Each structure stands twice: as C-alpha cells, then as structure tokens.
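Every position in the sequence shown, counted from 1, becomes a number in the numbering used here once 47 is added. Ideal Cβ positions, reconstructed from N, Cα and C, are used throughout, including at glycine. Source: prediction; values computed, not measured. Working notes, structure below.
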Amino acid sequence: MSVEVRTVAESEYPDWARALETGFLRPPVVSPEVMAGRLANSDPARTRGAFDDGRCVATFRSFAQELTVVGGAVLPSDAVTNVSVSPTHRRRGLLTRMMGADLAEAKERGDAVATLIAAEYPIYGRYGFGPATRTTEWSVDVARAGLDPRWSGPRDGGRIDLVDGAAVRELGPALHERVRLAQPGAVSRDTRWWETNTGLVDSGNPWTEPFHAVYRSAAGDIEGLMTYGSDDKWGDAKQPLNTASVRKLIASTPAAERALWHFVCSIDWISTVRTGLRAPDDLLPYFLPDPRAARVVTHADFMWLRVLDTVRTLEARTYDVTAALVLEIRDKAGLAGGRFRLDAGPSGASCAPTTASADLVLDVRELGALYLGDESALRLAALGSLTEERPGAAAVAESLFRTPRRPWCPDVF
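Structure representation (structure tokens):
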C-alpha cells in the first residue's frame with residue numbers, strides 16, 4: 048500500500064505521538080496525561096502524519112506565531128515543529144509532502160513567513176528556508192571573571208527577588224511583550240508556553256523545579272527575569288564546584304541584564320555559569336571585568352525563515368539607508384517567487400512586482416537568511432549563493448538588509 052499523508056484524527060493521536068518520540072530517539076511511550084496536554088495544544092487541522100497500512104510513520108505540526116522584524120513590526124508566521132520521519136521510512140518524500148501541504152495552506156491563510164528551529168542543517172534549505180538567526184552559549188569561569196566578591200545586589204537602586212512559578216506566570220508575559228517587540232527575531236509566547244516552562248503543565252520531558260529571579264528597577268518596574276538551575280558537585284578537598292545553568296533570561300534594559308548576570312555569578316558555591324542560548328552579540332562577556340572568563344561553548348544557526356509573501360514581508364521591516372533594488376526571487380514551490388522592486392528607507396518601504404531588469408538574483412532561502420539582518424549579501428555573493436546582475440548591487444543589499452545588532456530568537460519551538 049502507498050503511504051498516505053493527511054491530518055490526524057483525535058483517535059490516531061497516540062500513534063502519532065509514538066511516531067514522534069521514535070523519530071527523536073526518545074522512548075516511544077507517552078503517558079495519558081502528557082497525551083491529553085499535547086492534544087489540547089494542537090490544532091487538528093495543522094497536525095499531519097504519514098500512515099503506512101494504518102501505522103503512523105512520520106509527523107508534522109504547525110501553529111500560529113508572531114515574528115518581530117527589524118523596526119518592531121510583527122508578522123504572522125506559520126511556526127513548524129514536531130517534524131519526524133521514522134527510520135523505516137526515510138528518503139521516501141514524506142517530509143516533502145507534509146511540508147508542501149502546510150506551506151500552501153499557510154500562504155492561503157495569509158501568513159507572511161514560516162519559521163522553524165532546524166535540528167539538522169541540510170534539510171530545510173530545499174524547502175526555501177534560510178538560517179535567519181544564530182545563537183551562542185558561553186561558559187563563565189566565575190573566579191576568573193573579576194567580579195567584586197562583596198557584591199550583594201544592584202548598585203543602581205534596583206533589587207533582585209526570588210519568586211515562584213506562579214509569580215513568573217503573572218509577571219513574565221508583560222515583560223516578554225516589551226522585550227520581544229524590541230528584538231528582531233523574537234517570537235510570541237502563548238499562555239501554554241508560560242505554563243509549560245514553569246512546570247504547571249507536564250510536557251513529557253523530565254522536570255526539575257528551577258529558581259526564578261526578578262529584577263525590579265528603583266521605580267519598582269519589572270525589567271528582567273531569569274530562570275536557572277544548579278547541579279551538586281564537590282571537589283575532592285570538599286570545595287563546592289557547582290554549575291548554574293541559565294534556562295531563560297529576558298531583560299528590557301541593559302541595567303537589568305547586567306544585574307541578573309552579576310547575581311547568578313555571585314551565588315555561593317557557584318564556580319561556573321552556563322548561559323543558555325543567547326544572541327551571538329550578547330553583552331554578557333562585557334559585563335565582566337575579564338571578558339575572557341566567558342568561553343564560547345556553542346555557536347550555531349538557530350531559527351530558519353521561509354518567506355511566503357515577498358511584498359508584505361519586505362514592506363514590514365525598516366531599513367537604515369535609502370536605496371532601490373530590483374530582486375529576482377526564485378522559488379521552485381511557486382509561493383514567493385517573482386521580480387520585485389524594493390524602494391526602502393528609514394521612513395518606510397514599498398515593494399511591488401516589476402518587469403524591470405533584475406539587480407540581484409537569489410533563491411527564496413537566501414532572502415530568508417538576509418531578511419532579519421544577520422546574513423551578509425556580500426558574503427552570499429562571494430559564495431555564489433546570489434548573483435549580481437548590476438555591479439554593486441550586492442553592496443546595496445548589504446547596506447539595506449544588514450543591521451547593527453544581530454537578530455535573536457530566545458525560544459525553542
């Protein structure tokens with residue numbers, strides 16, 4: 048029998064969940080409680096599976112999301128997640144069929160872009176996704192950092208308090224809204240996100256209750272939130288050698304960010320701080336008297352972006368310089384391709400189809416990589432990933448798209 052790709056009925060969800068766990072090399076058993084929670088958080092119309100003789104052998108899900116772009120506007124995004132193919136059914140085109148159906152529906156629905164976190168690099172470029180943000184993790188040697196060992200709290204009049212998960216669910220969403228609207232690459236968080244990330248809802252992953260620290264400014268405003276945990280390690284001479292692992296840190300001001308990093312580095316018994324996944328140009332190393340105490344342990348691509356509506360997407364963001372560029376976008380899926388004239392500047396942008404000669408020719412995946420400002424058009428030209436039809440066009444694209452601060456997506460989804 049041929050493999051059938053379709054949406055998943057509620058009665059088939061346990062089999063779908065088993066296939067998902069199998070694809071990610073996790074034990075293929077899901078408790079009824081976790082099953083119910085996942086089902087409640089899934090849109091049946093956007094949950095797909097591939098079925099071979101009635102057994103689910105591949106999984107795919109998407110959900111509604113908002114993406115912040117350069118300048119602070121938000122775009123509706125088709126967030127892709129839970130993608131897996133069982134090892135018995137690799138290389139049969141199942142992902143291509145599921146992805147094609149989902150992206151076509153997203154386009155019809157009015158989503159401007161699609162996003163995902165790529166577990167593997169080579170897969171998603173062939174579907175028009177380009178790596179739009181990157182992420183970095185540091186390991187901080189606290190003793191070498193040079194911080195004042197007598198530090199007992201912020202010296203700017205603010206304060207840090209430890210709170211519980213209930214307080215995070217109350218205080219966190221408003222802070223996150225302020226932060227994410229100022230951070231290109233950040234995405235929206237729904238109520239379920241806050242419940243899952245504070246342990247109120249069982250996600251199926253092992254849960255260890257963390258610590259939560261809130262920074263309040265001198266005026267009493269919530270400006271920062273950190274979630275962290277710690278191991279329990281001691282040296283042979285009875286010295287504490289614990290590592291604090293930061294799960295999340297968001298801050299609306301540099302003062303709040305500095306105070307929270309200094310706080311976690313000042314905790315007794317902590318000798319190492321793992322920062323979790325941060326922006327590649329995060330300020331953290333330079334909050335330390337000795338930035339070399341922060342050693343990079345991870346640096347990789349993170350959120351990938353796929354343009355679905357070229358005109359809407361290019362008009363949504365801002366540009367630091369005034370320039371015009373004719374872009375020929377190639378898209379074998381037929382969703383966002385064509386030739387477009389972009390007239391852009393600090394006050395806004397207009398984009399429209401055109402028959403004028405192209406200045407630059409590029410695939411939609413390169414447009415996704417360029418869009419949030421992290422990738423270099425000049426580098427892509429040097430690599431042969433885009434073609435200059437007019438000399439100097441890549442330099443114009445560089446000045447238009449590249450941003451002084453790098454985009455960052457704080458969340459795995």
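Subject >> Among Ala424, Val81, Asn129 and Gly193, nearest to Thr164 - alpha-carbon criterion >> reply: Mapped onto the sequence shown, residue 164 falls at position 117. Residue 164 is actually Ile in this sequence, not Thr. Checked all of Ala424, Val81, Asn129 and Gly193; the closest Cα to Ile164 is Asn129.
Original post:
By how many angstroms is the C-alpha of Ala66 removed from the C-alpha of Val81?
Top reply: Numbered from 1 along the sequence shown, position 34 holds the residue referred to as residue 81. Numbered from 1 along the sequence shown, position 19 holds the residue referred to as residue 66. The alpha-carbon atoms of Val81 and Ala66 are separated by roughly 15 Å.
Original post:
According to DSSP, which residues form a beta bridge with Leu389?
Top reply: Mapped onto the sequence shown, residue 389 falls at position 342. Leu389 pairs with Leu372 and Cys398.
Original post:
Nearest to Glu59 by alpha carbon, out of Leu72, Ala83 and Ser49?
Top reply: Taking the first residue of the sequence shown as position 1, residue 59 is located at position 12. Of Leu72, Ala83 and Ser49, the residue nearest in Cα terms is Ala83.
**OP:** Pick helix, strand or coil for Cys312, following the three-state DSSP scheme.
**Re:** Residue mapping note: residue 312 aligns to position 265 of the sequence shown, counting from 1. Three-state DSSP puts Cys312 in a helix.
**OP:** At 3 residues or longer, and completely inside the stretch 97 to 142: list those beta strand (DSSP E) runs for me, N to C.
**Re:** 102 to 115 and 121 to 132
Original post:
What is the rounded straight-line gap between the Cα of Phe349 and the Cα of Asp329?
Top reply: On the sequence shown, residue 349 is found 302 positions in, with the first residue counted as 1. On the sequence shown, residue 329 is found 282 positions in, with the first residue counted as 1. Using only the alpha carbons, I get a separation of about 15 Å.
Original post:
What three-state label does DSSP hand Arg426 in the structure shown?
Top reply: In the sequence shown, the residue the question calls residue 426 occupies position 379. Arg426: helix per DSSP, three-state reduction.
**OP:** Alpha carbon to alpha carbon, how far is Arg294 from Thr245? Give it in angstroms, no decimals.
**Re:** As a first step, residue 245 is located in the sequence shown; it is residue number 198 there, counting from the start. As a first step, residue 294 is located in the sequence shown; it is residue number 247 there, counting from the start. Answer to the nearest angstrom: the Cα atoms are 11 Å apart.
Subject >> Where Gly157 falls, given that 16 or more other Cβ within 10 Å makes a residue buried >> reply: Counted from its first residue, the sequence shown places residue 157 at position 110. Gly157 is exposed by the Cβ-count criterion.
Subject >> Whole-angstrom distance between Val311 and Arg342, CA atom to CA atom >> reply: As a position in the sequence shown, residue 342 is number 295, starting the count at 1. As a position in the sequence shown, residue 311 is number 264, starting the count at 1. Their backbone Cα atoms lie some 16 Å apart in a straight line.
**OP:** Could you check how far apart the C-beta atoms of Ala190 and Ser318 are, in whole angstroms? I think they sit under 8 Å.
**Re:** If you number the sequence shown from 1, residue 190 lands on position 143. If you number the sequence shown from 1, residue 318 lands on position 271. Contact flag correct, Cβ pair sits at about 7 Å.
Subject >> Cβ-based burial, Pro400 [other Cβ within 10 Å; buried from 16] >> reply: Walking along the sequence shown from the start, residue 400 turns up at place 353. Exposed, since its Cβ has fewer than 16 Cβ neighbours within 10 Å.
Original post:
Based on the DSSP secondary-structure assignment, which residues constitute the bridge partners of Lys295?
Top reply: Position 248 of the sequence shown, counted from the start, is the residue given in the question as residue 295. Its beta-bridge partners are Thr274.
**OP:** Consult DSSP for Ala380 and reduce its assignment to one of helix, strand or coil.
**Re:** The count along the sequence shown starts at 1 and reaches residue 380 at position 333. Coil, per DSSP.
Subject >> Neighbour-count burial assignment, Ala429, 16 or more Cβ in a 10 Å radius >> reply: For the purposes of this step, residue 429 is taken as residue 382 along the sequence shown, with counting starting at 1. Ala429 comes out exposed.
Subject >> Own chain, CB closer than 7 Å to Arg437, minus 5 neighbours either side, in chain order >> reply: Translated into positions along the sequence shown, residue 437 becomes position 390. Closer than 7 Å at the Cβ level, and outside the excluded window around Arg437, lie Asp406.
Original post:
Do you know how far the Cα of Arg239 is from the Cα of Val215?
Top reply: Locating residue 215 in the sequence shown gives position 168, where the first residue counts as 1. Locating residue 239 in the sequence shown gives position 192, where the first residue counts as 1. Going by the C-alpha atoms only, they are around 13 Å apart.
**OP:** Please work out which residues of its chain come closer than 6 Å, Cβ to Cβ, to Ser277, disregarding the five sequence neighbours upstream and downstream, and give them in chain order.
**Re:** Looking up residue 277 in the sequence shown gives position 230. Cβ within range, chain order: Asn289 and Ala291.
Original post:
Between the stretch 244 to 258 and the stretch 279 to 287, do three or more beta carbon pairs fall short of 8 Å?
Top reply: no
Original post:
Any idea if Leu447 is buried or exposed, counting beta-carbon neighbours within 10 angstroms, 16 or more meaning buried?
Top reply: Indexing the sequence shown from 1 puts residue 447 at position 400. By the neighbour-count rule (16 or more Cβ atoms within 10 Å), Leu447 is buried.
**OP:** In angstroms with no decimal places, state the Cα-to-Cα distance between Val210 and Arg73.
**Re:** The residue given as residue 210 occupies position 163 in the sequence shown. The residue given as residue 73 occupies position 26 in the sequence shown. Whole-angstrom Cα-Cα distance: 33 Å.
Subject >> Unbroken stretches of the beta strand (DSSP E), 3 residues or longer, contained in the stretch 138 to 208 >> reply: 160 to 164 and 181 to 188
Original post:
In its own chain, which residues sit with a C-beta less than 6 Å from the C-beta of Ser299, not counting the 5 before and 5 after it?
Top reply: In the sequence shown, the residue the question calls residue 299 occupies position 252. Arg225, Val226 and Glu270, listed in sequence order.
Original post:
So, are the CB atoms of Ser124 and Gly70 less than 8 Å apart?
Top reply: Stepping through the sequence shown from its first residue, residue 124 is reached at position 77. Stepping through the sequence shown from its first residue, residue 70 is reached at position 23. Result no, Cβ atoms of Ser124 and Gly70 do not sit closer than 8 Å.
Original post:
Any contact of the stretch 406 to 424 with the stretch 173 to 184, i.e. 3+ C-beta pairs under 8 Å?
Top reply: yes
Original post:
So, is Thr322 buried or exposed, given that buried needs 16 or more other C-beta atoms within 10 angstroms?
Top reply: If you number the sequence shown from 1, residue 322 lands on position 275. So Thr322 ends up on the buried side.
Subject >> Beta-carbon gap between Val160 and Val459 smaller than 8 Å >> reply: If you number the sequence shown from 1, residue 160 lands on position 113. If you number the sequence shown from 1, residue 459 lands on position 412. No, these two residues do not count as a Cβ contact at 8 Å.
Original post:
With C-beta atoms as the reference, is Ala64 less than 8 Å away from Arg85?
Top reply: The residue you call residue 64 lines up with position 17 of the sequence shown. The residue you call residue 85 lines up with position 38 of the sequence shown. Yes, these two residues count as a Cβ contact at 8 Å.
**OP:** Return the bridge partner residues of Phe258 from the DSSP annotation.
**Re:** Here residue 258 refers to the residue found at position 211 when the sequence shown is read from its first residue. Tyr275.
Subject >> Extent of the continuous alpha helix (DSSP H) to which Asp62 belongs >> reply: For the purposes of this step, residue 62 is identified with residue 15 of the sequence shown, where counting begins at 1. Segment Tyr60 to Gly70, the alpha helix (DSSP H) holding Asp62.
Subject >> According to DSSP, residues forming a beta bridge with Val320 >> reply: The residue given as residue 320 occupies position 273 in the sequence shown. Answer is Val187 and Ala291.
**OP:** With DSSP as the reference, please indicate the residues paired to Trp351 in a beta bridge.
**Re:** Reading the sequence shown from its first residue, position 304 is the one you call residue 351. Per DSSP, Leu163 and Pro178.
Original post:
CA-CA distance, Gly431 and Arg412?
Top reply: The residue labelled residue 431 in the question sits at position 384 within the sequence shown. The residue labelled residue 412 in the question sits at position 365 within the sequence shown. Rounded to the nearest angstrom, the two C-alpha atoms are 13 Å apart.
**OP:** Use the C-beta contact count for Ser133: other C-beta atoms within 10 angstroms, 16 or more gives buried, fewer gives exposed.
**Re:** Along the sequence shown, read from residue 1 onward, the residue named residue 133 stands at position 86. Per the 10 Å Cβ criterion, buried.
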